[in-house]
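K.L.:
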Amino acid sequence: MIYLFLSILASSIIFLVFKLFDKYGINTFQAIVINYIIACASGFAAYTEPINWSKLASYSWLPGTFFLGVLFIVIFNLMAITTQRSGLSVVSVATKMSVVIPIAFGLIYYNENAAILKIAGILLALIAVYLVSIKKQDSSKPAKKNLIFPILVFLGSGLIDTSIKYLEDSFVSEQDVPLFSAMIFATAFILGVSVLIFQLIKGSQKIELKNSIGGIALGVPNYFSIYFLVRALRHPTLESSTVFTINNVGIVMVATLIGILFFKEKLSAKNWIGIGFAILSIILIAIVNHF
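First residue of the sequence shown: 1, per UniProt numbering; consecutive thereafter.
(1) With a threshold of 6 angstroms on Cβ separation, who are the neighbours of alanine 255 within its own chain once the five nearest residues in sequence on each side are excluded?
(2) Measuring alpha carbon to alpha carbon, tell me which residue in Thr162, Phe149 and Gly250 is nearest leucine 4.
(3) Exposed or buried, which one is methionine 97 when buried takes at least 16 other CB atoms within 10 Å?
(4) Helix, strand or coil: which one does DSSP assign to alanine 57?
(5) Please name the residue, chosen from Tyr227, Asn52 and Gly215, that lies closest to lysine 31 on a Cα-to-Cα basis.
(6) For the region 17-90, list the beta strand (DSSP E) runs that are entirely contained and at least 3 residues long, ordered along the chain.
(7) If you scan the region 101-182 from start to end, which runs of the alpha helix (DSSP H) of 4 or more residues do you find wholly inside it?
(8) How should tryptophan 61 be labelled, buried or exposed, when 16 other C-beta atoms within 10 angstroms of its C-beta is the threshold for buried?
(9) Taking the straight line between their C-alpha atoms, what separation do you get for aspartate 161 and isoleucine 282?
(10) Using the C-alpha atoms, what's the distance from lysine 144 back to leucine 218?
(11) Pull up the CB-CB distance for leucine 179 and tyrosine 47, whole angstroms please, since I reckon it's below 8 angstroms.
(12) Note the first and the last residue of the continuous alpha helix (DSSP H) segment covering serine 240.
(13) Let's see if you can read the secondary structure: which residues bound the alpha helix (DSSP H) around lysine 210?
(14) Cutting at 7 angstroms between CB atoms, please list the residues of its own chain near threonine 242, excluding the five before and the five after it.
(15) Determine the burial state of threonine 237: buried for a count of at least 16 other Cβ atoms within 10 Å of its Cβ, exposed for fewer.
(16) Below 8 angstroms between beta carbons: does that hold for alanine 182 and glycine 69?
(17) Put serine 194 into one of helix, strand or coil per three-state DSSP.
(18) Any idea what DSSP makes of valine 99, helix, strand or coil?
(19) Can you tell me which of the three DSSP states serine 268 falls into?
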């Protein structure tokens with residue numbers, strides 16, 4: 001359970017860093033690209049075995065890390081487009097509600113426990129995520145022509161979590177978890193830096209030191225958010241549907257708390273109801289997991 005808590009904490013720190021990007025005018029795309037190489041380096045540093053580069057190509061999970069790295073970049077850009085066209089609330093709900101995909105995968109593919117209390121907890125968690133994600137100050141709604149973007153964010157985000165679960169369960173050994181995580185970020189960095197170089201040549205981007213600092217601040221918690229999530233998924237007594245539900249709800253709650261404490265954000269009645277549902281959902285799922 002400690003890995004699940006640490007995954008929630010690391011993901012919540014990412015939220016805090018992104019909020020600081022706005023405050024200090026940091027170019028998000030540049031910081032994201034730098035973040036990937038920092039996250040990759042963190043994975044290599046955490047890998048306790050000597051890295052045999054010639055053997056790397058033989059790992060059965062390597063193609064999966066390429067796939068995930070591509071998804072990371074694609075979904076990031078789709079989130080940016082969705083935010084610009086439909087607003088922050090829409091992209092927030094689409095991202096967080098995507099947890100239903102890995103939950104359903106765990107229940108169906110792995111035949112995980114589908115007790116009534118657990119299903120009730122999962123449904124409450126989804127309602128909680130939706131209610132907490134709705135912000136008063138962002139009342140934008142997606143036009144019909146823009147609906148494709150939040151739908152793709154929803155599907156892509158869910159596919160990322162589902163793929164991580166499938167790969168770590170089927171192909172990744174215990175000692176290779178840091179290397180597995182590092183290679184996901186390495187692929188994302190290669191793609192991201194290629195796009196960045198193209199934009200620099202075109203003159204649409206300009207390198208600034210503060211963007212690199214922002215990327216470093218983002219990279220370490222980003223690596224550990226994936227690393228600890230994979231560790232939590234490997235826990236013998238925690239099913240993936242439990243891990244993804246508690247992880248998602250926990251991130252929403254901690255991120256909301258950070259918003260209140262550090263950024264003086266105000267919560268609506270719907271937000272408070274969502275927090276209540278979130279707490280209740282965690283209690284229900286914890287009861288099922290305990291017994």
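Don't be surprised by glycine CBs; every beta carbon is placed ideally from N, CA and C.
P.N.:
To lay it out plainly:
(1) Ser12 and Phe15
(2) Gly250
(3) Per the 10 Å Cβ criterion, buried.
(4) Residue state for alanine 57 is assigned as coil, using DSSP reduced to three classes.
(5) A small fix is needed here, since residue 31 is alanine in this sequence, not lysine. Answer by Cα proximity: Gly215.
(6) If we require 3 residues or more, the region 17-90 turns out to have no beta strand (DSSP E) run fully inside it.
(7) Entirely contained in the region 101-182, the alpha helix (DSSP H) runs reaching 4 residues are, in chain order, 116-133 and 148-170.
(8) buried
(9) Distance between the alpha carbons of aspartate 161 and isoleucine 282 is about 19 angstroms.
(10) Looking at the two C-alpha atoms, the distance is approximately 34 angstroms.
(11) 5 angstroms
(12) It spans 240-263 - the alpha helix (DSSP H) in which serine 240 sits, taken as one unbroken run.
(13) 209-233
(14) Counting only Cβ-Cβ distances below 7 angstroms, and skipping sequence neighbours, we find Ile285 and Asn289.
(15) With a threshold of 16 other beta carbon atoms within 10 Å, threonine 237 falls short and is exposed.
(16) no
(17) helix
(18) coil
(19) coil
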